[in-house]
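The numbering of the sequence shown is my numbering, which starts it at 262 and goes up by one. C-beta: ideal position from N, C-alpha, C; glycine also. Everything below concerns the one structure shown next.
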Amino acid sequence: MATGEIQGSSDAAGLAALIARASAETGGRGLPPVERWNPPFCGDIDMEIRADGTWFYLGTPIGRAPLVRLFSTVLRKDEDGRTYLVTPVEKVGIRIVDAPFLAVEMNVSGEGADRRLTFRTNVGDVVEAGAEHPLRFVISGENNELKPYLLVRGRLEALVSRAVMYDLVDLGEVVEIDGVEMFAVRSGGVVFPVMPAAELDALSR
């Protein structure tokens, strides 16, 4: 194991080393090619991304936005369904309560089939919903809460914040998909079904 790698949840020096390596990989050259890296798994660290997008390390919020942004650029979700911080020399597991990112702003341009919805995440990603960045909608919880998710990169998604979700739903329309009337939204030439139109009343309960 390389010098400075994270050995355990309390290894602050290892975390600092990881930050330094991540910074070296991302400095001024955009997002690092984490999907192409195949480093050894070096265990889990006590880092968690809460449902509201807040990052915690050792139970304490990470208050420095540039540090959170840096970590977000080396996130990867693998086929096992787990999310990791990845550098060329190591891979460490972290906990995700809901989604790793939160979509906090939406811009709408165009109308109808030409409409484009562009989202900004809490860590600075700007993503236009479309074929490469689809939206999906989940009804969850006892209150039938509508939760939209946007694919940001790789397998990493952003949960659309509640405030933005209301604006998104306002853009919905009823369209027929495979013979079923669906409530849906459009972006980038793609129709994203939200739910069957017959169930639309559940949103207002």
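So, with DSSP's three-state summary, where would you put residue i?
i	result
Pro454	strand
Glu333	In the sequence under discussion, the amino acid at residue 333 is Ser, which differs from the Glu named in the question. Looking at Ser333 - three-state DSSP - the assignment turns out to be helix.
Pro300	coil
Val384	coil
Glu228	This structure cannot settle anything about residue 228, because the visible part of the chain is limited to 262 through 466.
Leu429	helix
Arg282	helix
Asp341	coil
Where does the unbroken beta strand (DSSP E) through residue i begin, and where does it stop?
i	result
Leu336	336 to 338
Val353	351 to 357
Leu319	Careful: Leu319 lies outside any beta strand (DSSP E) and carries neither H nor E.
Glu434	434 to 438
Ala445	441 to 448
Ile400	396 to 401
Leu292	Premise fails: Leu292 is in no beta strand (DSSP E) and is neither H nor E.
CB-CB under 7 Å to residue i, same chain, minus the five flanking residues each way: which ones, in chain order?
i	result
Val441	Pro457
Lys338	Thr344, Gly415, Arg416, Leu417
Val436	Met443, Ala445, Val452
Leu336	Thr344, Leu346, Pro361, Leu417
Val425	Ala364, Val365, Glu366, Met367
Val295	Val335, Arg337, Val347
Take residue i and list the residues in its own chain whose beta-carbon comes closer than 8 Å to its own, dropping the five residues that flank it on each side.
i	result
Arg330	Val384, Gly385
Pro322	Thr315, Trp316
Ile438	Ala445, Val452, Pro454
Here's a check: name, in chain order, each residue in its chain whose Cβ is nearer than 6 Å to the Cβ of residue i, leaving out the five neighbours to either side.
i	result
Leu412	His394, Pro395, Glu418
Leu319	Asp307
Gly269	The predicted model places Gly269 with a pLDDT of 40, which falls under 50 and marks its position as unreliable, so this point remains unresolved.
Please look up how many angstroms separate the CB atoms of residue i and residue j, rounded, as I've assumed it's under 8 Å.
i	j	result
Gly450	Ala390	With a Cβ gap of about 10 Å, Gly450 and Ala390 do not count as contacting.
Gly397	Ser448	As written in the sequence, residue 397 is Arg, which differs from the Gly given in the question. That pair is no contact at about 13 Å.
Thr382	Leu407	Thr382 to Leu407, Cβ: 19 Å. No contact.
Tyr467	Leu420	What is shown of the chain runs 262 to 466, which leaves residue 467 out entirely.
So the alpha helix (DSSP H) residue i belongs to, where does it begin and stop?
i	result
Leu461	Premise fails: Leu461 is in no alpha helix (DSSP H) and is neither H nor E.
Hey, is the segment 307 to 315 in contact with the segment 356 to 371, meaning 3+ C-beta pairs nearer than 8 Å? yes
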